[in-house]
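S.K.: For the sequence shown, our numbering begins at 261 and goes up steadily by one.
I'd like to ask some things about the structure below.
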Amino acid sequence: ASAAGAVAASAGFKAAAVSRSMAFSKRDAIKLTWPATQPDAGGHAVLAKDFTRIYHVDLHGNVRQNPKLSGTTHNVFGIQVGVGVTVAIRRKNHKKHEIAYQRVEENLTRWDKYRWLEGSKQVAGVDWRKLKPDAKSTWLVAYGADEFEGFVPIADKRNANPQTIFAESSPGVKTNRDDVVYDFNRKALVDRVKQFIEDYNAEVDRYKRSSTTRRLKKTVDDYVKYDNIKWSETLKKKLRAGEYAKFDELLICTARYRPFTSSYLYFDGSLIERTYRFSTYYPAGQPRPTNTHIWVKSGRDWPVFGLASNQVVDLLPQGGSQCFPFYVYDEDGSNRRENVTDWALKTFREAYGDKTISKWDIFHYVYGMLHHPGYRDKFKDCLKRELPRIPFAGFENRSAAASAAQASGLRSNEQGEAQLRPEAHPAPKPAKRGAGKVPAPGAGDSAGRDASERDVRSANPALQFRAFADAGETLCKLHLDYEKLEPWPLRRMVALSAKGCDLYTITDKMRLSKDRKSLKVNNHLTLHGIPERCFDYRLGNRSALEWVIDQYRVKTDKKSGITSDPNRQDDPEYIVRLVGQVIRVSMETLDAIETLPESYGGPLP
């Protein structure tokens, strides 16, 4: 964390100040990323107004953002989170306010950074970059922020803006006790949850038996025992209220704990710290109402990704996640309504002159856009700061779209609907795609014909919309039904010592070879023939296959002693088959992405 108003002695900086109005909850440390974050509660604006000059040095060292770094090697404090130094100065009668910033090279070792600090000696010894905050008081304005601002908001977290694509959204569920309420094995989950409820109810009884006078003298934190229960604020409130927990098997559901990692979850608001809006997306009951949502990773530590799911999903570490469902229900499973707004439907139909566009088309269009390499690359910093904003395919910029529409006019199609006449829309060059390009399924044999079809599509915004929607639908089906796919053909090498052994049982953690062409499942079985290209499909800080390798392993929680075992007695080959299926979904995802138009589009004129 960056020390606000305090200066590291090794830096040699000699100026410091403390403001009575600093909006950081009286903490002596704040996140290193604060100069780059989206302003909240006016904190950035207050600082800029309250101090005459503010200097911030970013010393990097965030291992979570860049796994190639080592905390002990590259972080000045030897920790995993980034470190920075902020110097804030206030002078009377100075009306001019300045904000200055400097980034030390990320890959420098901690000793090189010490030498840089020693060499700088004081504020005047640093080559500062002057920052000019934008209208929102963001100090480090992200590349492409002005263009991004012109796109349509995917949703509003406060549900206050009616002109969004989705009427509402929700973070993934936050349990505060994953090891209790998640498990690969249903019976193990039932036994553990029952024991947890028994232990908790015993604490409620003990709390009720204690005298009122005794309880008033002690806080709940002093009262509770941590031996068998992982307490959280919500559970402590229930204890104070004398609320008992009750086991209900209907509350067990399948959940997406991590990308391509399915687990059982005890989805009960008594044991889960925050269910947020998911009780209205996937209400309890048998059968549980169906739904599909887009699960978007948020926060600055991981690159943003979107993944379709038809299950309850986890909040995710390092910044959390935000989810955009197609349907919303009442908590009893009744009153189903579509979450794509009528405003969005009207806007898209008018923009593309197509009254046949449906809300599912828009849902899939958004999903396709979230996979566009050019969009993700150009706006990667914007996407780490706020919810996605969605451009309109075929409208590269306001002036180009307006002039194209004015020059071409409107013509009526066979259904009498307005449609833009095909005109050339200049498109920027696409981002470099993954190596080892494989033609998309169904691609024609003639490269010239393919190029001609792309030219026609790029000239017609309505066709570009359909291209994104079609690709998004393909991707959505792939990611929802990945366990139904035919596994990628891998060669199985069985050790001679495997006779009489459980060939498919994971005993520790599967391990990739150095060249990533083979995967050691256990001491008896190795899978060969992994295509290098499958690693190009990444979700956050690792590929889809690496997510499976990371999650499907036997591990024991150090604090609770609870062991998580992904092996399935009823289906011993499940994990090995899943490896092949996730390779398949990775390869076909990359194929589908390559069918997307080269340009992501722009705002409406």
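Each residue gets a CB set at the ideal place from its N, CA and C atoms; glycine is no exception.
The structure displayed is predicted, hence computed values, not measured ones.
#1: Just to confirm my understanding: we take Leu-738, look at its own chain, exclude 5 residues before and 5 after, and list those with CB closer than 8 angstroms. What are they?
#2: Leaving out the 5 sequence neighbours to the left and right, which residues in its chain are closer than 6 angstroms to Tyr-860 when beta-carbon positions are compared?
#3: Have a look at Gln-340, Ile-532, Tyr-403 and flag the residue whose alpha-carbon is nearest the alpha-carbon of Gly-432.
#4: Thinking C-alpha only, which one of His-553, Trp-620, Ile-835, Gln-829 is nearest Met-770?
#5: Would you call the stretch 569-583 in contact with the stretch 416-435, where contact means no fewer than 3 C-beta pairs closer than 8 angstroms?
#6: Output yes or no for whether 9 angstroms exceeds the beta carbon distance between Tyr-526 and Val-453.
#7: Using the three-state DSSP reduction, which class does Glu-598 fall into: helix, strand or coil?
#8: Helix, strand or coil for Tyr-374? Go by DSSP, reduced to three states.
#9: Is the separation between the beta-carbon of Ala-448 and that of Asp-768 shorter than 9 angstroms?
#10: Which whole-angstrom value is the C-beta distance of Leu-787 and Leu-750, which I expect to be below 8 angstroms?
#11: For the stretch 611-625 against the stretch 593-601, do three or more pairs of beta-carbon atoms, one drawn from each stretch, fall closer than 8 angstroms, so that the two count as touching?
#12: Once you ignore the five residues that flank Asp-508 on each side, which residues in its own chain have a CB closer than 6 angstroms to its CB?
#13: So, using beta-carbon positions, are Gln-423 and Asp-387 closer together than 9 angstroms?
#14: State whether the stretch 457-464 contacts the stretch 487-499, with contact taken as three or more CB pairs (one from each stretch) at a distance under 8 angstroms.
#15: By the three-class DSSP mapping on this structure, what secondary structure does Val-572 have?
#16: Apart from the five residues on each side of it in sequence, which residues of its chain come closer than 6 angstroms, Cβ to Cβ, to Gly-862?
#17: Near Glu-313, which residues of its chain fall below 6 angstroms by C-beta distance, leaving aside the five closest residues on each side in sequence?
#18: How big is the Cα-Cα spacing for Asp-438 and Leu-511?
#19: Which stretch, first to last residue, makes up the beta strand (DSSP E) that contains Ser-522?
#20: According to DSSP, is Asp-394 helix, strand or coil?
#21: Sorted by chain position, which residues of the same chain lie with C-beta nearer than 8 angstroms to Asn-367's C-beta, five sequence neighbours on each side aside?
#22: Reducing DSSP to helix, strand and coil, say where Ile-425 ends up.
#23: Do you know offhand how far Gly-732's Cα is from Leu-856's?
#24: Which residue spans inside the stretch 481-521 form an unbroken beta strand (DSSP E) run of at least 3?
#25: Report yes or no: do the stretch 566-576 and the stretch 549-556 share at least 3 C-beta pairs separated by less than 8 angstroms?
#26: Does Cys-761 come out as helix, strand or coil in the three-state DSSP assignment?
#27: For the beta strand (DSSP E) holding His-788, just list the boundary residues, first then last.
#28: Straight-line CA distance for Pro-690 to Ala-544?
#29: Identify, in the order they occur along the chain, each residue of the same chain with its Cβ nearer than 7 angstroms to the Cβ of Ser-530, setting aside the five sequence neighbours on each side.
#30: Buried or exposed: where does Pro-547 fall if 16 or more other Cβ atoms within 10 Å of its Cβ makes it buried?
#31: Can you say whether Asn-595 is buried or exposed, counting buried as having 16 or more other CB atoms within 10 angstroms of its CB?
#32: Between which residues of its own chain and Ala-427 is the CB-CB distance below 8 angstroms, once the five residues before and five after are set aside?
#33: Can you tell which of Lys-818, Lys-356, Ala-515, Ser-380 has the C-alpha that lies nearest to the C-alpha of Thr-435?
#34: Compute the Euclidean distance between the alpha carbons of Gly-840 and Ala-722, then round it to the nearest angstrom.
#35: Using the beta-carbon count (16 or more within 10 Å), is Arg-649 buried or exposed?
#36: Quick check: what's the CA-CA separation for Val-317 versus Glu-378?
M.R.: The relevant details are as follows:
#1: Reading the sequence shown from its first residue, position 478 is the one you call residue 738. These residues qualify, in order along the chain: Leu-745, Val-845, Glu-848, Thr-849, Ala-852.
#2: On the sequence shown, position 600 is the one that residue 860 refers to. These residues qualify, in order along the chain: His-632, Gly-634, Tyr-635, Pro-651.
#3: Within the sequence shown, the letter at position 172 stands for residue 432. For the residues Gln-340, Ile-532, Tyr-403, the minimum Cα distance to Gly-432 belongs to Ile-532.
#4: Position 510 of the sequence shown, counted from the first residue, corresponds to residue 770. Out of His-553, Trp-620, Ile-835, Gln-829, Ile-835 has the C-alpha closest to the C-alpha of Met-770.
#5: yes
#6: Sequence index remark: in the sequence shown, residue 526 carries index 266 (1-based). Sequence index remark: in the sequence shown, residue 453 carries index 193 (1-based). Contact: yes.
#7: Sequence index remark: in the sequence shown, residue 598 carries index 338 (1-based). Here Glu-598 sits in strand by DSSP.
#8: Position 114 of the sequence shown, counting from 1, holds the residue named residue 374. Reduced to three states, the DSSP call for Tyr-374 is helix.
#9: Numbered from its first residue, the sequence shown carries residue 448 at position 188. Numbered from its first residue, the sequence shown carries residue 768 at position 508. Result no, Cβ atoms of Ala-448 and Asp-768 do not sit closer than 9 angstroms.
#10: In the sequence shown, residue 787 corresponds to position 527, counting from 1. In the sequence shown, residue 750 corresponds to position 490, counting from 1. The pair is a contact, with the Cβ atoms about 4 angstroms apart (cut-off 8 angstroms).
#11: yes
#12: Along the sequence shown, read from residue 1 onward, the residue named residue 508 stands at position 248. There are no such residues.
#13: Against the sequence shown, residue 423 aligns to sequence position 163. Against the sequence shown, residue 387 aligns to sequence position 127. No.
#14: Yes: at least three Cβ pairs fall under 8 angstroms.
#15: By one-based count along the sequence shown, residue 572 stands at place 312. In this structure, Val-572 counts as strand in the three-state DSSP scheme.
#16: Translated into positions along the sequence shown, residue 862 becomes position 602. Hits under 6 angstroms: Pro-651, Phe-655, Glu-656, Asn-657.
#17: Along the sequence shown, one-based indexing puts residue 313 at 53. The displayed chain sequence assigns Arg, not Glu, to residue 313. Correct list, in chain order: Ile-349, Glu-358.
#18: The count along the sequence shown starts at 1 and reaches residue 438 at position 178. The count along the sequence shown starts at 1 and reaches residue 511 at position 251. Taking the straight line from one Cα to the other gives about 16 angstroms.
#19: Residue mapping note: residue 522 aligns to position 262 of the sequence shown, counting from 1. That run of the beta strand (DSSP E) goes 521-526.
#20: Sequence index remark: in the sequence shown, residue 394 carries index 134 (1-based). In this structure, Asp-394 counts as coil in the three-state DSSP scheme.
#21: Within the sequence shown, the letter at position 107 stands for residue 367. Within the same chain, Cβ atoms closer than 8 angstroms to the Cβ of Asn-367 are found at Leu-329, His-334, the five residues on either side in sequence being excluded.
#22: Position 165 of the sequence shown holds residue 425. The answer is coil: DSSP assigns Ile-425 none of H, G, I, E or B.
#23: Locating residue 732 in the sequence shown gives position 472, counting from the first residue. Locating residue 856 in the sequence shown gives position 596, counting from the first residue. Rounded to whole angstroms, Gly-732 to Leu-856 spans 9 angstroms at the Cα level.
#24: 512-518
#25: yes
#26: As a first step, residue 761 is located in the sequence shown; it is residue number 501 there, counting from the start. Correct three-state label for Cys-761: coil.
#27: Reading the sequence shown from its first residue, position 528 is the one you call residue 788. 785-788 is the span of the beta strand (DSSP E), which, as asked, contains His-788.
#28: Position 430 of the sequence shown holds residue 690. Position 284 of the sequence shown holds residue 544. Legend: pLDDT at Pro-690 = 37, less than 50; position of this residue unreliable, no value from coordinates given.
#29: Position 270 of the sequence shown, counting from 1, holds the residue named residue 530. Once the five neighbours on either side are set aside, the close Cβ partners of Ser-530 are Lys-498, Ala-505.
#30: Mapped onto the sequence shown, residue 547 falls at position 287. It counts as exposed.
#31: Taking the sequence shown and counting its residues from 1, one reaches residue 595 at position 335. Classification for Asn-595: exposed.
#32: Taking the first residue of the sequence shown as 1, we reach residue 427 at position 167. Annotation for Ala-427: Ala-415, Asn-419, Val-588, Asn-599, Val-600, Thr-601 place their beta carbon closer than 8 angstroms to its own, counting only its chain and skipping 5 residues before and after.
#33: By 1-based counting over the sequence shown, the position of residue 435 is 175. The alpha carbon of Thr-435 has as its nearest neighbour, out of Lys-818, Lys-356, Ala-515, Ser-380, the alpha carbon of Ala-515.
#34: Against the sequence shown, residue 840 aligns to sequence position 580. Against the sequence shown, residue 722 aligns to sequence position 462. Answer to the nearest angstrom: the Cα atoms are 37 angstroms apart.
#35: For the purposes of this step, residue 649 is taken as residue 389 along the sequence shown, with counting starting at 1. So Arg-649 ends up on the buried side.
#36: Here residue 317 is taken as the residue at index 57 of the sequence shown, counted from 1. Here residue 378 is taken as the residue at index 118 of the sequence shown, counted from 1. Answer to the nearest angstrom: the Cα atoms are 13 angstroms apart.
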